[in-house]
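Have a look at the structure below before the remarks.
Protein chains: 2
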Amino acid sequence: MPNSNLPFAQRLDNVETSAIRELFKLLGKPGIISFAGGFPDSAMFDVTGIAAAANKALTEEPGSALQYGATEGYEPLRKQLAAFMAQKGVQNVAPEQLIVTTGSQQALDLIGKTLIDPGSKVIVEGPTFLATIQCFRLYGADLVSAPIDADGVQVDELEELIKQHKPKFIYLIPTFGNPSGGLLSLERRKRVLELAVKYQTLVVEDDPYGDLYFNAAPPPSLLALSHEVPGSRDWLVHCGSLSKVLSPGLRVGWMVAPAELLARAVMCKQFSDAHTSTFAQATAAQYLAGGHMPATLARVRKVYGARAKTMCDALRSELGDAIDFVTPQGGLFVWARLTGANGKTKDGATFARQAIEKGVAFVPGAPFYCANPDLSTLRLSFATADEDRIREGVGRLAQAL
Amino acid sequence: MPNSNLPFAQRLDNVETSAIRELFKLLGKPGIISFAGGFPDSAMFDVTGIAAAANKALTEEPGSALQYGATEGYEPLRKQLAAFMAQKGVQNVAPEQLIVTTGSQQALDLIGKTLIDPGSKVIVEGPTFLATIQCFRLYGADLVSAPIDADGVQVDELEELIKQHKPKFIYLIPTFGNPSGGLLSLERRKRVLELAVKYQTLVVEDDPYGDLYFNAAPPPSLLALSHEVPGSRDWLVHCGSLSKVLSPGLRVGWMVAPAELLARAVMCKQFSDAHTSTFAQATAAQYLAGGHMPATLARVRKVYGARAKTMCDALRSELGDAIDFVTPQGGLFVWARLTGANGKTKDGATFARQAIEKGVAFVPGAPFYCANPDLSTLRLSFATADEDRIREGVGRLAQAL
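Taken in order, these protein sequences are the chains called B and D.
For the first sequence, full-length UniProt numbering assigns the number 1 to the initial residue and increments by one for each residue that follows.
For the second sequence, full-length UniProt numbering assigns the number 1 to the initial residue and increments by one for each residue that follows.
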């Protein structure tokens, strides 16, 4: 191979992507039923509404929608996003207290760029979002895994880890996390905010799934709760996204953070991509201003809720005590553990290979851990297959097992 | 200010943004005629054509245009961009040899992320693009300034700097550079490619302005020339952009690079923003496929060419021998030097303050140097004011001087 002597930066040595590549290779086979994705169902997109919003943006504000824009974000969108959060119970976030990011992935990148030095400790949940692990490691983070259970991150253990490692920050997905699908309890949410203040430690709340609840609304986000814990807003970063509820293709996310951090994130973003597409931002702003989100959210909640129920019912009836999981109350994922009952395999990666042979794909859980992986875990997405295909796919899983 | 103890990363200490903030503060006054921008004229955008392309994308391919996409870029756009470059004489760039970036600013960021370690030497032109300086410094680059003249970077001097510093790479804007407006001669282009091969050193060609020529086409890009210099493609990175010719708001740029580098840039991009807005990419692809670019380019070339001539004529007649510049043959900028004739000021920053008081803004040249700034320089954009306003603005400059 030519150029094997290209002078790559040392930070690239921190990242091992073969696990990811292996996962994606699994998905190429024709006829496969995929529970492997981490994305919403394209069939759920409000294409008509988005097209109308785009046309309105180009008719009413073509100069702004097609020109360079402020790195902080397009002002009308910042206002709409502040209002969107206010409707969800987040008080006192002014438009200038949030910046628009190119998807919430960019918020993670800006957090890494502004905060992480080589060797910096960062606490994440075990398991957590794969692209978060890689993103922070590219900046040289030394990740520490905090254990979770059915109520989310274990806060006593978290406090011990804070004391021991004095991390730059703690990264959590408290609501319907990827991959765990878990839900941090209200009591623990308050404890997390109290720990942030007590140890003067930043907490990053990544919240792309909080709107995707199926029945009762989840506990308030850490951001919404922060007014109950004095001083906690000074230590809280909140990342939101339209990707899971409206469209990932717009690449519109946002970040709320203390003013000093926000200013530095803007500086870094200026040299990362100058600004998020104003065309996409103006389209999103028009969509939100048009008042379409409540109906859109009601629709996706109903469809994903039904698919989640179908998948959980089928898993219980078809795989029985060979598999263990908590029924998700929202999000896109069932996070399950192979029990090894009746001599069945307990290894997620082995089971994934067996499943592919039977024509169904999912993602084994090990790569979602930054340390000490639970090899018996797996992540199943119920978002993109309809209910019949879900039942068929779970049937194939049973055959594979 | 609360949180002054937030644990920011050391890399932030590498960047001084006050110069930039000062520049932008100059622009707030009402009634000002601005030659300060680095952007195209919003009035030139083909709003109708872009709206039609967006509608076509959402009608014909809604699932793709609104869903997550490949980090490398949306396949139909990669094909269109390869074809667009082929029309400009770039042979042998297959779609898979380029990736789509979120504006060409992101290409710079990915080059920094994949190649620069703290302390890495990088050679740039003196002067060069301000956001390049900051972007590379955020990754810890130690920048070396290579002198330019009317024919672009001085290649003998460049060779000495390569031998002395053994840089990770050389960054050039060979065609109508920002801020210099300069044009690297054909002979020097070949020499640069030969130096890349001789010293096994990557050369980054940033080319957002190459399509904006006013009369004769400029010499071929380094990428187009590379087939004449055996082995040079292995050491060449080329960044393109639709921002200056179609719309910055789409944030669509691209990067051609050796396969190994491209693979690592994709890995880094995955954790930077996952992918560039598929909505913007599908819109751009439809626009290019519709064959609108030749007419759009002809229109902007004509308008900017007339504005450039108006500005240069007015500068010569109004400021006389107090100012010296090479008439630009393309791009957006006149790069000028105050001569100090007849006891007039020779300091660009002083002149900028005097000009603001007379109601006209431009950018003094010093911040565009990574070292040894020429304080007598200034950058004047002729892109966004019409010809009457340009004459009026240059009249105010004469009063200010």
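Ideal Cβ placement from N, Cα and C applies to all residues, glycine included.
query: Close beta carbons around N14(B), own chain, < 7 angstroms, minus the five adjacent residues each side; result: R137, L138, G140
query: Neighbourhood of F279(D) by C-beta, 6 angstroms cutoff - its chain only, sequence neighbours within 5 removed; result: A65
query: Contacts around residue 402(D), its chain only, beta-carbon distance under 6 angstroms, and the 5 residues preceding and following it disregarded; result: Since the first and last residues shown for chain D are 1 and 401, residue 402(D) lies out of range.
query: Residues that DSSP places opposite P367(B) in a beta bridge; result: The partner list for P367(B) (beta bridge, DSSP) is empty, contrary to what the question assumes.
query: Rounded Cβ spacing between L222(D) and V203(D) (contact assumed at less than 8 angstroms); result: 7 angstroms
query: Cβ shell of A107(D) (< 6 angstroms), same chain only, five flanking positions each side left out; result: T101, C239, G253, M255
query: Beta-carbon proximity of I148(B) to G182(B), cut-off 8 angstroms; result: yes
query: Chain D contact residues for A280(B), given Cβ-Cβ distances below 7 angstroms; result: S277, F279, A280
query: Where R337(D) falls: helix, strand or coil (DSSP); result: strand
query: For Q270(D) and G73(D), believed in contact at Cβ under 8 angstroms, the rounded distance; result: The Cβ separation is near 12 angstroms, so there is no contact.
query: Reduced DSSP secondary structure (H/G/I, E/B, other) of residue 402(D); result: Within the shown structure, residues of chain D are numbered from 1 to 401, placing residue 402(D) beyond reach of any answer.
query: Candidates F8(D), G330(D), I170(D), D46(D), of which the one nearest Q67(B) by Cα; result: D46(D)
query: Under the three-state DSSP convention, the category G119(B) falls into; result: coil
query: Check whether L110(B) and A265(B) have beta carbons under 8 angstroms apart; result: yes
query: Opening and closing residue of the beta strand (DSSP E) in which R379(D) lies; result: 377 to 381
query: Any chain D beta carbon closer than 8 angstroms to P220(B); result: no
query: Same chain, Cβ closer than 8 angstroms to F176(B), neighbours up to 5 away in sequence not counted; result: G182, L183, Y209, G210, L212, Y213, P218, P328, Q329, G330, G331, L332, F333
query: Per-residue burial, V394(B) [other beta carbons within 10 Å of its own, 16 or more giving buried]; result: buried
query: Bridge partner(s) assigned by DSSP for C239(B); result: D206(B), M255(B)
query: P147(D) - partner residues in DSSP beta bridges; result: G126(D)
query: Exposure label - K166(B); buried when at least 16 CB within 10 Å; result: exposed
query: Buried or exposed by the 16-neighbour rule on C-beta atoms within 10 Å, applied to E205(B); result: buried
query: Neighbour flag for D207(B) against chain D, beta carbons, 8 angstroms; result: no
query: Residues within the stretch 259 to 275 of chain B neighbouring chain D, beta-carbon criterion of under 8 angstroms; result: A259, E260, L261, R264, M267, C268, Q270, F271, S272, D273, A274, H275
query: Against chain B: residues of the stretch 235 to 262 of chain D by CB proximity under 7 angstroms; result: S247, P248, G249, L250, R251, P258, E260, L261
query: Any chain B beta carbon closer than 8 angstroms to E50(D); result: Rather than Glu, the amino acid found at residue 50(D) in this sequence is Ile. So yes, I50(D) belongs to the interface.
query: Under 7 angstroms (Cβ pairs) to chain D, residues found in the stretch 37 to 49 of chain B; result: F39, S42, F45, V47
query: Chain-ordered residues of the stretch 107 to 122 of chain B with a beta carbon less than 8 angstroms from chain D; result: L108, D109, K113, T114, L115, I116, D117, S120
query: Contacts that T17(D) makes with chain B (C-beta to C-beta distance below 9 angstroms); result: M267, Q270
query: Sequence-distant residues of the same chain with beta carbon closer than 8 angstroms to G49(D), five excluded per side; result: Y287, G290, H292, T296
query: Short CB-CB distance (under 8 angstroms) between C370(B) and chain D; result: no
query: Bridge-paired residues (DSSP) for V100(D); result: W254(D)
query: Anticipated Cβ contact below 8 angstroms, T310(B) with E387(B), distance rounded; result: 4 angstroms
query: Where the alpha helix (DSSP H) containing F351(D) begins and where it ends; result: 348 to 357
query: Chain B residues whose Cβ lies nearer than 7 angstroms to that of C135(D); result: F271
query: Reduced DSSP category for A34(B) - H, G, I as helix; E, B as strand; rest coil; result: Note that residue 34(B) is Ser in the sequence shown here, rather than Ala. In this structure, S34(B) counts as strand in the three-state DSSP scheme.
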